[in-house]
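Accompanying notes for the structure given below.
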Amino acid sequence: MPMDRTAPFTDRDQRLVRRLHGLQAPVLITGILLICSGLAFSIWSRLQYQPRQSLRQQLTSSPLSAKTTKLFLATAEHLELLHPDTALEQSLLRDLQETLSLLYHTTALSVRWGWGMTTSLFGGFLICLWGERRRLLVLIEKLRQRKN
């Protein structure tokens, strides 16, 4: 006959188990909300990706952050001050402006996508926490019933 080595539950242990039972639903709901909001934000960020839109219009309509906007806007303003004389210079300036616009749009997409995926990942972590905690609480309940 195996020897029982489990200590009896104290009042403190019982309060902890009750509190963990009570936190299960909020943890699950929070995890689901974080996953959904992160995925929605990532999808929204992809829909905002419009590299053909002018850089100035994009910067003023939905700035990524104050510092990023200031950097790109200052560079765009410097490019607007240039007055090319030859067709080659005009072509190079247009290419430079398109490259700057593409760089901004790609940066904005990457940062927004990253934030959305990080939020979803944290939501997934909470759901995993909920599942593992649920398994442990079931095991604790079985042990308590076995003792009685």
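Numbering-wise (the numbering used here), the sequence shown opens with residue 183 and increments by one. Backbone N, C-alpha and C define an ideal beta-carbon position, used for all residues, glycine too. The model shown is predicted, which means the values in this text are computed figures rather than measured ones.
#1: Excluding the 5 residues flanking Leu261 on each side, which residues of the same chain have their C-beta closer than 8 Å to its C-beta?
#2: Just the C-alpha distance for Val209 and Arg317, rounded to the nearest angstrom, thanks.
#3: Do Tyr286 and Phe254 count as a contact pair if the criterion is CB distance below 8 Å?
#4: Where Ile225 and Trp295 are concerned, what is the direct C-alpha to C-alpha distance, given to the nearest angstrom?
#5: Taking the alpha carbon of Gln206 as the point to measure from, which residue in Leu311, Gln327, Leu321, Glu323 has its own alpha carbon closest?
#6: Do the CB positions of Leu221 and Gly298 come within less than 8 Å of each other?
#7: What is the rounded straight-line gap between the Cα of Pro266 and the Cα of Ala258?
#8: Taking Tyr231 and Leu291 to be in contact with their CB atoms under 8 Å, please state how far apart those CB atoms are, rounded to whole angstroms.
#9: Helix, strand or coil for Leu284? Go by DSSP, reduced to three states.
#10: Among Arg201, Leu216, Thr192, whose alpha-carbon lies nearest the alpha-carbon of Gly305?
The answer reads as follows:
#1: The residues are Leu275, Leu278, Gln279, Leu282.
#2: Going from the Cα of Val209 to the Cα of Arg317 covers about 14 Å.
#3: A contact, by the Cβ cut-off of 8 Å.
#4: Distance between the alpha carbons of Ile225 and Trp295: 8 Å.
#5: Checked all of Leu311, Gln327, Leu321, Glu323; the closest Cα to Gln206 is Leu311.
#6: Yes, they are a contact pair.
#7: Spanning the two alpha carbons is a distance of roughly 15 Å.
#8: Contact between Tyr231 and Leu291 holds, since their C-beta atoms are separated by about 5 Å, short of 8 Å.
#9: Correct three-state label for Leu284: helix.
#10: When C-alpha distances from Gly305 are compared across Arg201, Leu216, Thr192, the shortest belongs to Leu216.
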